[in-house]
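*Asks:* If you're matching positions, the sequence shown starts at 23 in our numbering and goes up one per residue.
Beta carbons: idealized from backbone N, C-alpha and C, even for Gly.
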Amino acid sequence: MSRALQWIAIVVVAALALLPFLPGAVDAYYFSFLFFVFLYAIMAQSWNLVAGYGGQISLGSHAFFGLGAYTTAILWSGNYLWGSLYDSHPNIYYFDPVTMLLGGIVAALAAVIIGLPLLSKLHGDY
């Protein structure tokens, strides 16, 4: 791929990634569709890094991704943290990035809790 095509691809992907955050640019259906497109692209790249470049078969990254997604779904749908504000304004998307960040933090903490005891026992080429 030439340099010009690489830059065009970068600009198109960046524009599609930023499109849902522009007020009124897309409706809820297209927002959800673009969200899942980029979600599956991230999952495919994480699998590509481990299995493609590393040659290892590991489902650990998918387990932690699922834990973060589950945490995000519980926080977002249950409205445990922002129930009254979200119920009074059901069309706002302010809480999606916050709940996704909290889901990532929970998944990272679970990875540290599971990984530290396991990695402390390993030495050399295990």
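Starting from PHE57, trace the alpha helix (DSSP H) both ways and give me its first and last residue.
*Replies:* Position 35 of the sequence shown, counted from the start, is the residue given in the question as residue 57. Here the alpha helix (DSSP H) through PHE57 covers 50-69.
*Asks:* Could you tell me the boundaries of the alpha helix (DSSP H) in which LEU38 lies?
*Replies:* Here residue 38 refers to the residue found at position 16 of the sequence shown. LEU38 -> alpha helix (DSSP H) spans 25-40.
*Asks:* Based on Cα-Cα distance, which residue from LEU81, PRO42, ALA132 lies nearest to PRO119?
*Replies:* As a first step, residue 119 is located in the sequence shown; it is residue number 97 there, counting from the start. When only C-alpha atoms are compared, the closest one is PRO42.
*Asks:* Is there contact here, the stretch 86-93 with the stretch 120-131, by at least three beta-carbon pairs under 8 Å?
*Replies:* Yes, the stretch 86-93 touches the stretch 120-131.
*Asks:* Do SER54 and VAL72 have their beta-carbon atoms positioned less than 8 Å apart in this structure?
*Replies:* Taking the first residue of the sequence shown as position 1, residue 72 is located at position 50. Taking the first residue of the sequence shown as position 1, residue 54 is located at position 32. No, the pair does not count as a contact, with Cβ atoms beyond the cut-off.
*Asks:* Do you know how far the Cα of LEU144 is from the Cα of MET65?
*Replies:* Translated into the one-based positions of the sequence shown, residue 65 becomes position 43. Translated into the one-based positions of the sequence shown, residue 144 becomes position 122. Going from the Cα of MET65 to the Cα of LEU144 covers about 28 Å.
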